[in-house]
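Visitor:
Residue numbers (our numbering), protein chains in the order written: chain A, 18 to 347; chain B, 3 to 343.
1) Note down, in chain order, each residue of its chain lying with its Cβ closer than 7 angstroms to the Cβ of residue 2 of chain B, except the 5 sequence neighbours on either side.
2) Would you say residue 32 of chain A and residue 88 of chain A are within 8 angstroms of each other, going by their C-beta atoms?
3) Taking Cβ positions, are residue 234 of chain A and residue 67 of chain A nearer each other than 8 angstroms?
4) Does the structure place the stretch 118-132 of chain A close enough to the stretch 103-110 of chain A that three or more beta carbon pairs sit under 8 angstroms?
5) Closer than 7 angstroms between beta carbons: that is the criterion. Which residues of the stretch 183-199 of chain B meet it against chain A?
6) Can you confirm whether residue 2 of chain B, when its beta carbon is compared against all beta carbons of chain A, has any partner nearer than 8 angstroms?
7) Does the structure place the stretch 123-139 of chain A close enough to the stretch 48-65 of chain A that three or more beta carbon pairs sit under 8 angstroms?
8) How about the stretch 194-213 of chain A and the stretch 223-241 of chain A: do they share at least three Cβ pairs that are nearer than 8 angstroms?
9) Please return the same chain residues whose Cβ sits closer than 7 angstroms to the Cβ of residue 240 of chain B, not counting the five positions on each side in sequence.
10) For the candidate residues A/176, A/171, A/135, A/140, whose alpha-carbon lies nearest to that of residue 156 of chain A?
11) Is residue 215 of chain B helix, strand or coil by DSSP?
12) Along the chain, where does the alpha helix (DSSP H) containing residue 172 of chain A start, and where does it finish?
13) Measuring only between beta-carbons, confirm whether residue 315 of chain B sits less than 8 angstroms from chain A.
14) What residues of chain B sit near residue 35 of chain A, judged by a beta carbon separation below 7 angstroms?
15) Contact between the stretch 78-87 of chain B and the stretch 267-278 of chain B is defined here as three or more beta-carbon pairs at a separation below 8 angstroms; is this criterion met?
16) In this structure, does DSSP put residue 73 of chain B in helix, strand or coil?
17) Measuring alpha carbon to alpha carbon, tell me which of B/207, B/238, B/259, B/252 ends up nearest residue 219 of chain B.
18) Considering only residues of the same chain and omitting the five flanking positions on each side of residue 277 of chain B, which have a CB-CB separation below 6 angstroms?
19) Flag this pair as yes or no: are the beta carbons of residue 294 of chain A and residue 310 of chain A separated by less than 8 angstroms?
20) Taking 8 angstroms as the cut-off, decide whether the C-beta atoms of residue 143 of chain B and residue 175 of chain B are in contact.
21) Any beta carbon from chain A within less than 8 angstroms of residue 217 of chain B's own beta carbon?
22) Starting from residue 52 of chain A, trace the beta strand (DSSP E) in both directions and tell me its first and last residue.
23) Please state if the CB of residue 152 of chain A and the CB of residue 138 of chain A are separated by a distance shorter than 8 angstroms.
24) Along the stretch 244-263 of chain B, what residues have a CB closer than 7 angstroms to any CB found in chain A?
25) Who are the near neighbours of residue 74 of chain A in its chain, counting only those whose CB is closer than 7 angstroms to its CB and skipping five residues on each side?
26) CA-CA distance, residue 236 of chain B and residue 11 of chain B?
27) If we count Cβ pairs, one from each stretch, closer than 8 angstroms, do we get three or more for the stretch 87-103 of chain B versus the stretch 137-153 of chain B?
28) What is the DSSP secondary structure of residue 292 of chain A, reduced to helix, strand or coil?
29) Name the chain B residues that come within less than 8 angstroms of residue 208 of chain A, Cβ to Cβ?
30) If you measure from the beta carbon of residue 61 of chain B to each beta carbon in chain A, is any gap under 8 angstroms?
31) Across which residues does DSSP place residue 318 of chain B in a beta bridge pair?
32) Can you find a CB in chain A that lies within less than 8 angstroms of the CB of residue 290 of chain B?
33) Between which residues of its own chain and residue 316 of chain A is the CB-CB distance below 7 angstroms, once the five residues before and five after are set aside?
34) Using a beta-carbon distance cut-off of less than 7 angstroms, what residues from the stretch 69-80 of chain A approach chain B?
35) Just verifying my parser: in three-state terms, what is the DSSP assignment at residue 97 of chain A?
36) Can the beta-carbon of residue 225 of chain B be found less than 8 angstroms from the beta-carbon of residue 44 of chain B?
Listed below in structure tokens is the structure:
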């Protein structure tokens with residue numbers, strides 16, 4: 018583990034563009050953000066917002082037919098967009114790790130979970146059989162698995178979804194990565210387990226000095242876990258800033274709409290807000306603001322040209338032509 | 003209003019009991035009592051394996067109860083045999099909308115065919131009548147019949163598929179609808195659209211709706227009552243805001259406090275309610291189903307408490323420590339500090 022804190026961010030993504038299909042339609046454009054050392058950033062958006070493509074490009078796991086057209090992704094001083102296969106093998110798992118929604122499909126069903134964690138430590142850390150076993154049990158205990166010695170010898174089918182997600186988190190942090198990406202990692206879990214996993218991620222962030230990128234469609238999950246928030250819509254970042262500030266005073270109409278439909282923990286509420294219409298398809302060509310067709314504050318100017326992401330207050334930015342009017346109006 | 007569905011002392015087991023006369027520890031549902039009234043939306047929450055889906059399956063007749071009875075509009079469903087049973091099933095009065103509309107719709111059928119399919123069972127309808135019913139059902143779920151009738155599932159978004167799935171379940175004009183996780187696969191904006199739709203259906207059709215969910219946010223703003231299940235037992239039920247804001251059962255409290263929320267209010271922290279991992283216990287036979295995970299378990303909890311009315315409220319809970327657990331919350335506990343340790 019590097020000892021002294023570094024001034025440069027763990028991850029710096031700049032001007033990222035991703036195209037899909039043979040006709041190379043732009044599905045993600047102009048995405049740029051930084052994740053500081055030990056910082057946790059939430060990437061929020063609906064399906065089709067480009068949040069998953071963005072996170073997959075950071076992991077170098079874009080599906081066939083999807084291409085990184087532009088931009089740079091710096092992990093420390095390594096440009097991931099230039100990494101070849103051999104380079105990736107040294108980065109993934111070691112400096113960069115990820116957990117996903119469906120933990121069972123990322124484990125080999127015919128090997129014990131302990132074996133799968135120990136294997137990593139033996140291959141990448143060159144630990145002996147005995148050392149790898151001891152370290153694995155330690156890690157299982159750290160991620161909150163009860164009776165880690167027993168769990169070590171269990172197969173994936175013997176464990177619940179929440180336990181499997183803990184196993185994957187143990188595997189992810191085993192090699193002390195700089196950045197952990199959690200892509201909808203708690204979406205399929207029961208609320209009680211979800212809260213436990215989110216709390217576990219926050220704790221590991223502190224104890225392992227991890228930077229965390231949490232990708233989710235649920236604003237409430239980000240509210241509980243992240244320092245900063247990035248809201249994506251239609252392949253663009255539409256708003257970013259410190260979580261508390263964005264949630265207390267959203268500047269983009271889409272963020273406001275998302276907040277209105279999010280879980281606010283008020284059970285006696287009798288109204289259900291909806292965002293009319295549906296998000297644009299990946300790669301759809303739209304004039305101007307991509308949220309305009311669904312926006313309740315839309316005016317002619319919104320669709321007359323590309324809308325830039327502008328800095329509003331220190332640490333915050335938003336992509337809306339009516340920022341001044343709408344902010345002062347609210 | 004009198005109940006449309008009355009479930010009394012319902013027990014369902016999937017594995018045969020080891021000894022005769024015992025229901026075994028593998029009971030998927032044990033001694034469940036529940037009423038559902040017309041026009042009411044009731045939420046059923048609980049973790050995976052808590053028996054939520056089993057309750058729906060037993061009511062529509064997909065599994066046979068080991069004990070107890072299910073009355074629908076005054077008819078004991080368990081006593082129906084032969085022709086009477088067939089008739090009840092064909093009437094389509096109770097419908098179940100399955101989880102995951104992505105996988106429960108036949109990809110080779112058009113929307114029109116999918117929605118008409120349940121009518122094959124009901125029978126006795128002319129072509130024109132069938133078409134009318136399909137259009138009516140699509141209209142009710144907010145899909146324009148003319149533009150959607152000839153589409154295929156692959157041409158629909160997630161929210162539209164969920165609505166087709168709902169149209170399928172209401173085309174027989176049911177009086178009771180079970181929705182298994184109707185919104186868990188949907189984005190937030192579609193989620194509220196589908197919940198609003200259920201709310202409209204119960205008002206317009208007087209439909210009783212049971213929403214089965216593992217996630218409390220899919221009930222907010224729409225359910226009247228909530229029933230909380232844990233390991234096959236109904237542990238608490240009552241009006242939704244009472245139950246979730248002032249839980250009587252420690253499991254309900256844990257659920258409500260774990261739900262992620264944008265606003266941080268003065269609610270309990272899950273840390274105050276959880277049993278530390280190091281103290282984890284194994285569930286004992288005959289004990290309260292929640293005892294092994296309950297921070298407030300004491301000697302009396304070695305026996306499963308019955309579901310009893312909570313004094314001064316119109317709700318029910320099954321907990322030996324119902325009156326006392328809040329008092330043993332330690333006000334000195336700083337959740338932040340504990341999280342760091």
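Ideal placement from N, C-alpha and C gives every residue a C-beta, glycine not left out. Remember, predicted model here, so these are calculated numbers, not experimental data.
Guide: Walking through what the data contain:
1) In the structure as shown, chain B begins at 3 and stops at 343. Residue 2 of chain B is therefore absent and cannot be evaluated.
2) yes
3) no
4) no
5) Here the close residues are 189, 190, 191, 194, 195, 197, 198.
6) The question about residue 2 of chain B has no answer here: the residues shown for chain B are numbered 3 through 343.
7) no
8) Yes: at least three Cβ pairs fall under 8 angstroms.
9) 227, 315, 316, 317, 318
10) Cα-wise, what sits closest to residue 156 of chain A is A/135.
11) strand
12) Run containing residue 172 of chain A: none; DSSP gives neither H nor E here.
13) It does not; no Cβ of chain A falls within 8 angstroms.
14) Those within 7 angstroms of residue 35 of chain A in chain B number zero; the least Cβ separation is about 20 angstroms.
15) Output reads no: the stretch 267-278 of chain B does not touch the stretch 78-87 of chain B.
16) strand
17) Per the Cα distances, B/259.
18) 295, 297
19) Yes, these two residues count as a Cβ contact at 8 angstroms.
20) no
21) yes
22) 42-52
23) yes
24) 246, 247, 256, 257, 260, 261, 262, 263
25) 33, 35, 85, 90
26) 10 angstroms
27) Too few Cβ pairs lie closer than 8 angstroms, so no.
28) coil
29) 216, 217, 218, 257, 260, 261, 262
30) no
31) Looking at the DSSP assignment, residue 318 of chain B forms a beta bridge with B/239, B/311.
32) Not one chain A Cβ lies under 8 angstroms of residue 290 of chain B.
33) The answer, listed in chain order, is 339.
34) none
35) Assignment of residue 97 of chain A by DSSP, reduced to helix, strand and coil, places it in the helix class.
36) yes
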